[in-house]
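Residue numbers (the numbering used here): 88 to 155.
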């Protein structure tokens, strides 16, 4: 029974992570951030995949900040 809920939980965690990424992205204007967040909430799977496809490559190329 508990294993049946696992895909839904994974999708929920991915959705939350992508919403946080969208809202914290400094390269996007605030209105665009809000539109992405609303799209992800209304269309979770499509919105999450669309955001990762559109902005994922730029995220992968971004330098990693290391605070020492």
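We put the beta carbon where it would ideally sit given N, CA and C, even for glycine.
No experiment lies behind these values; they were computed from the predicted model shown.
Rounded to the nearest angstrom, how far is the Cβ of residue i from that of residue j, given a contact under 8 Å?
i, j, result
"residue 123", "residue 104", "About 13 Å separates the two Cβ atoms, so there is no contact after all."
Whose C-alpha, out of the options, is nearest the C-alpha of residue i?
i, options, result
"residue 99", "141, 142 and 136", "136"
"residue 141", "90, 112 and 117", "112"
"residue 132", "119, 115, 114 and 97", "97"
Got a sec? Which residues, its chain only, sit under 7 Å from residue i by beta carbon, not counting five neighbours each side?
i, result
"residue 138", "105, 109, 123 and 127"
By a C-beta neighbour count over all protein chains shown, 10 Å radius and 16 as the cutoff for buried, is residue i buried or exposed?
i, result
"residue 95", "exposed"
"residue 143", "exposed"
Leaving out five residues on either side along the sequence, give the residues of the same chain with a beta carbon under 6 Å from the beta carbon of residue i.
i, result
"residue 115", "none"
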